[in-house]
Every structure is written in C-alpha cells, then in structure tokens.
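Here the protein sequences line up with chains X and B, keeping their order.
Residue numbers in the first sequence follow the working numbering, run continuously in steps of one, and reach 1443 at the last position.
Residue numbers in the second sequence follow the working numbering, run continuously in steps of one, and reach 1443 at the last position.
We put the beta carbon where it would ideally sit given N, CA and C, even for glycine.
All values reported here derive from a predicted model rather than from experimental measurement.
Below is one structure, written out as structure tokens; the observations come after it.
There are 2 protein chains.
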Amino acid sequence: MDCSSPELVLLPTLLDAENGVEQVSAALQARMLRLHHLVVESEREARRMIRRILPKVDINQYHLYLLNEHSNASELVHLLAPMEQGHDLGLMSDAGCPALADPGSTLVMEVHRRGWKVVPISGPSSIMLAWMSSGLNGQHMEFHGYLPVKNPALDAKIRDLEAQSLRTRQTQIWIETPYRNQSLLYTLLRLLHPSTLLCIACRLNGGPEEWIKTCTVQEWNGMLGSNLIPDLHKKPCVFLLQCP
Amino acid sequence: MDCSSPELVLLPTLLDAENGVEQVSAALQARMLRLHHLVVESEREARRMIRRILPKVDINQYHLYLLNEHSNASELVHLLAPMEQGHDLGLMSDAGCPALADPGSTLVMEVHRRGWKVVPISGPSSIMLAWMSSGLNGQHMEFHGYLPVKNPALDAKIRDLEAQSLRTRQTQIWIETPYRNQSLLYTLLRLLHPSTLLCIACRLNGGPEEWIKTCTVQEWNGMLGSNLIPDLHKKPCVFLLQCP
C-alpha cells in the first residue's frame, strides 16, 4: 500500500436537519468539503444535511451512493469502487454517527478487511449526549438499538433490561421510532418497578425543544397527565434505565 | 422554577491536550466562554484543556471545583453551591465526555433530583469514535469501563465478554490504563478464540499517531512481533471485540 492509499472517512451529521449546526466541528466541515464520493442512507436527507453543514458548497461535487436497510452484501463491492480507484470515501448516516444503529458497519468492516484506513471524525451522537446527561451509571452501559415492536416480545425485552440492570447496575439504553414514543412510555411505566430510574432524552439538538429528565418510575407515574412531561410524539428520543 | 433557573452544562474536552482542537465545535467554545464555575477532575488538566480550547480566554474567569475518585457524596452539596446561587455550572472531565468512565454522573443525578436543567454539548468521545470505526455490531453494544487489573479476575472477565458476544453478537467495548495496553494485548491474544474479531483503536485524536485496526485474533497473532502493530505503550486505546 502506498502513502496515497484511500481512506474511509466517517462523517457524523446533525441530529436534526433544522437545528444544531453550531454543534458540528470545523474538522467535520473541512473534511466533508474535501470529499467527492459519499455513501449515504438516503439521497434526500444527505443533500439536506450537506447544505446545512456546508451552506456554500456546490452540492454537485458529491457523487452519492446508497447504503440502507434495502442494500445487500453484494453491493458493497460497488460502493467501494471509488476507493479501488484511489479516492477517499465518506460515510454518512441520515442523522448522527454513521455505522451505529444503521447498516454502515458492514462497509467499515469491508474496508478493514482490505487493509485500508478508517478515519472517524467527532460529531453529535444522541446516544452519548443522552448517556452523559442521564446521571445513570457512566462506567457500565449496554445499548440495544430498537426494541421489538410487538408483544409479547416487547414486554419480555423491557422486563429483561430491568432484570439485567438489577444484577449489574448497568445503564440500559435504547431508541424508538419517534411515532411510537408515547405508547412506549406508557408501557414502560406499567412494567417497570417503581424504584427503577428512567431517563428520557428528547430532541437532543441543543434547541429550545431539547428536554432531558431522570427520575424514578414512581415519580414519572405521578407526572403523567400533567404538563410536566412534554408530548414526545414524533420527536426523536433516547430511553435509558438503571436499577438503583 | 423561574426561567432563570441554573443549568448544569456538560462540556466534553479534547481526547488529547496536544491535538484535536479542530474537532471541538463552536457551540462548545461559546458555551465554555460564558461559564464562570466549572467542576473538574483535576485543576491542572482542566486549565490545560481550557487554554487549548479557548486560547485567548483569561483563565481567571473560572472558579474550579474538584470532583474525582477521592470525592465523597457529602461534597456534592458544596459543588452545587454556585447553582444554588443561580449560576450555571460546567462539568468537565480530564479528557472526552464528562460523567462517563469518571465520577461526574453523581453530580448529574443530583441536579436531576433538584429538578434543574442538564444541558449536554456535543464533543469528542473515544468510545463512539472507536465503536463506529470498528465495523463491529452497531446495533447492540456493551461498554465495560476498565477491566479488573489482576488475575484470575481479568482472565475470567475476558472469557465472559467473549462468551456473551458469542450468545448475542454484541460489540464489547472497554478501556485500559495506557501503561497496561501492551500486556493486555498479549493476554487477549492468548485467551480469545482465533475467529473472534478484535479491534484496537489507539490515540483517537485525529493526529498522525491515530491507528485503528479490526481483524480476527488469528490475524492479530500473525502480526505479533512485526511492525504491522504499533507500540501501544502509554497511548490511550479503546478495545473492542465481537464474535462473528
């Protein structure tokens, strides 16, 4: 491999295309500007994000390649063609860090297999923002991605998360499709022990709607129906629990 | 609570005081500049970080309060005195995100108990940078902080991490005190199954010494003693494994 061997550059994006551009580093802007080939989750969202992060860029400088839940393993070879030709390649997710809770990790692994370089750029991560804001165990944490959608799998998983935290005191973290947030909250408050600590971190974009609260399930139940809990419907949320 | 109620602001710092200032966002710089009271892990490191992040600031604008592994629960009341008086309070760790793998989470929880606001700012996190760069499972991850230092606890823990990933395919992440990195690597290569994927992410500061590699334990063993593995001694590393 010569010194001009290509890099896969991991580019976090904003957590919300409408807000938070000031949370992006100069390093991210500079590196994105120097790329011409980007693997993205959806073209529309990628273009919106690029325009927010680099308002003055000519969007036509980017060749976009799709990698999402519909992609299959055989497409990886096609996605890596720019690197085969010696170009650096960027990897972006629709929001936040690429390769986490999205299909990008298969591409990163393929780059490792070929012995090429992977270069991560710092950027917003709703998982980290929620975790550090929760006040829950910062030494031991498990992230579960999305929970099962349907019962009995959903109830069983929630009970399992709590039982595991009772054994280890670890922080359990997961996310939910935003339109199911409100019903998930009711399910959590019905199933979890009153003393379990629950944190909800909602719309973590540094904007006026950002809202983060940790208290016991008993205290959450006492706030239900009051205006102390904002409407979570369709707002991106991270959920965290820990047994005290 | 009136609209002037105080905020606890979570301020990530650089992963390396010598490198990576371009990875910090304008939001972090602006928010740090507007604070006068900071809870820090060590005064010396905090002053170094502030000078790197805000080269022109008068360091005397900051009142520093210590929270580290020697602090006890009764000191939290003292640390929160500035907030009691209506001032915003910053929380910084020696490197990276506060309240994760450091004692800051007790302070964050106390702020939640009082119903005050917690405001996280995006910034560098070696855990996230390592995880997204690893190519390992991005949907399910467990972070373990530091492993036990001595045997038989260390060997047992490593075997347990691998057994758990074999069951769940989750990514296991942990960190090590930098002067023990090299001996940990030998222990890992001795204990883990040849097919287990191991990632080492070393000095994640965007600088020339940053080095990230994922391959099987068998492949790592084949590289031992060659110049394909850099000297890890005293360089901050994140370790990750996943059973394929």
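- Here X:E1283 has no same chain residue with a Cβ atom under 7 Å from its own Cβ, once five neighbours each way along the sequence are excluded.
- Spatial neighbours of X:D1354 in its own chain (CB-CB distance under 8 Å, excluding positions within 5 residues in sequence) are listed in chain order as T1386 and L1390.
- The C-beta distance from X:A1298 to B:M1231 rounds to 29 Å, too long to meet the 8 Å contact threshold.
- Of all residues in the region 1333-1349 of chain B, those with a C-beta nearer than 9 Å to a C-beta of chain X are S1333, G1334, L1335, N1336, G1337, Q1338, H1339, M1340, E1341, F1342, H1343, G1344 and Y1345, reading in chain order.
- Flagged as an interface residue toward chain B: X:T1305, by a C-beta distance shorter than 9 Å.
- Around the beta carbon of B:M1422, fewer than 16 other beta carbons sit within 10 angstroms, so the residue counts as exposed.
- X:N1336 is classed as buried because its beta carbon has at least 16 other beta carbons within 10 Å across all chains shown.
- In the DSSP secondary-structure assignment, B:A1400 is bridged to B:I1411 and B:V1437.
- The region 1406-1413 of chain X and the region 1219-1231 of chain B do not touch, with fewer than 3 CB-CB distances between them shorter than 8 Å.
- For B:G1322, the closest C-alpha among the options B:V1220, B:S1204 and B:K1434 is that of B:V1220.
- By the rule that beta-carbons nearer than 9 Å mark a contact, B:D1301 touches chain X.
- At the C-beta level, X:G1295 and X:I1249 stay beyond 9 Å of one another.
- Put simply, of X:A1352, X:Y1345, X:P1319 and X:S1364 the residue whose alpha carbon is nearest the alpha carbon of X:H1339 is X:S1364.
- Burial is judged here by how many other beta carbons sit within 10 angstroms of a residue's own beta carbon; B:K1316 has at least 16 and is buried.
- At a Cβ-Cβ threshold of 9 Å, X:G1289 and X:L1383 do not count as neighbours.
- Between B:H1343 and B:N1380, the C-beta spacing is not below 9 Å.
- As computed with DSSP, B:D1215 is found in a beta bridge with B:N1218.
- When DSSP states are grouped into helix, strand and coil, X:H1235 belongs to the coil group.
- Under the 10 Å beta carbon count, X:V1307 is surrounded by 16 or more other beta carbons and is classified as buried.
- The beta carbon of B:E1217 does not come within 9 Å of any beta carbon belonging to chain X, so the residue lies off that interface.
- For the set B:V1256, B:L1275, B:S1425 and B:V1238, the Cα lying nearest the Cα of B:L1263 is the one of B:V1238.
- Remark: C-beta atoms of B:E1240 and B:D1293 approach each other more closely than 9 Å.
- Note on X:H1311: 16 or more other CB atoms within 10 angstroms of its CB, so buried under the neighbour-count rule.
- Remark: C-beta atoms of B:S1324 and B:Q1441 do not approach each other more closely than 9 Å.
- As the crow flies, the alpha-carbon of B:P1393 is around 21 Å from that of B:L1346.
- Pairing B:L1266 with B:P1319 gives a Cβ-Cβ distance that is not under 9 Å.
- Contact of X:E1268 with chain B by beta-carbon distance below 7 Å is absent, the smallest such distance being about 11 Å.
- Residues of chain B with a Cβ closer than 7 Å to the Cβ of X:C1414 are, in chain order, H1311.
- Contact with chain X is absent for B:S1425, since none of that chain's Cβ atoms lies less than 9 Å from the residue's Cβ.
- For B:V1223, the residues of chain X that pass the 7 Å Cβ criterion are S1224, in the order they occur in the chain.
- Shown here for B:W1419: same chain residues with a beta carbon closer than 7 Å to its own, the five before and five after excluded, namely L1388 and L1397 in chain order.
- In the structure shown, the three-state DSSP call for B:W1373 is strand.
- Assigned with DSSP and collapsed to three states, B:K1356 falls in helix.
- Chain-order list of chain B residues neighbouring X:G1405: A1226, by C-beta distance under 7 Å.
- Assigned with DSSP and collapsed to three states, B:E1240 falls in coil, not helix or strand.
- At a beta-carbon threshold of 7 Å, the residues of chain X lying near B:W1330 are L1299, ordered along the chain.
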